[in-house]
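Only one structure is covered here, and it is reproduced in the block below.
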Amino acid sequence: MSFLRHNSERKSSQMANIFLLPILFLVIFLLLAAFKRPKRLQHRPIPSPPTWPIIGNLHQLGELQHQSLWNLSKKYGPVMLLKLGKVPTVILSSSETARQALRDNDLNCCSRPPLAGTVNLSISQYI
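Take any residue in the sequence shown, count from 1 to its spot, add 5: that is its number in the numbering used here.
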């Protein structure tokens with residue numbers, strides 16, 4: 006009879022260890038994630054009106070988009086982030102911020118992505 010009691014005590018302690026092990030791993034993971042943050046500079050997020058999940062900010066643009074953007078810029082400032090559908094779009098609504106952005110980020114703002122179609126069309130005659 007003592008063998009059965011000893012066996013059941015061992016099973017209960019093993020079950021307690023099985024439940025404590027995932028909790029221990031979770032605590033270690035959270036501690037490592039908390040202390041291993043990137044050391045780069047933290048930038049302020051661009052102000053943005055609240056979005057809806059699929060359409061983004063399209064519900065805030067009326068029939069006259071330029072007036073809707075002007076009203077949003079009065080509330081959120083000359084630089085704001087809108088999501089048009091799922092595409093994030095930075096809106097610069099004053100000439101001074103647009104001039105500064107184009108001066109500082111010229112290559113990032115004014116370049117086009119390479120198109121795969123033009124490469125295929127130009128090489129196709131030689132293949």
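Just so it is clear, CB atoms sit at the ideal spot from N, CA and C, and this is done for glycine as well.
| Item | Value |
| --- | --- |
| Beta-ladder partner(s) of Trp57, from DSSP | Gly61 |
| C-alpha gap between Leu9 and Ile33, whole angstroms | Because the pLDDT of Leu9 is 47, which lies under 50, any placement of that residue in the model is unreliable, and the question is left without a value. |
| Rounded separation between Ile96 and Leu26 - CA only | 50 Å |
| Option in Ala38, Ile28, Leu35 and Met85 with minimal Cα separation from Pro50 | Met85 |
| Per DSSP, the bridge partner or partners of Thr94 | Leu87 |
| Terminal residues of the alpha helix (DSSP H) in which Cys114 lies | Asp111 to Cys114 |
| Of the residues Ala38, Phe24, Pro54 and Leu35, the one placed nearest Pro93, counting alpha carbons only | Pro54 |
| Beta-carbon proximity of Phe62 to Lys80, cut-off 7 Å | Phe is not the amino acid found at residue 62; the sequence shown has Asn there. No. |
| Buried or exposed by the 16-neighbour rule on C-beta atoms within 10 Å, applied to Leu77 | buried |
| Rounded separation between Phe40 and Ser98 - CA only | 39 Å |
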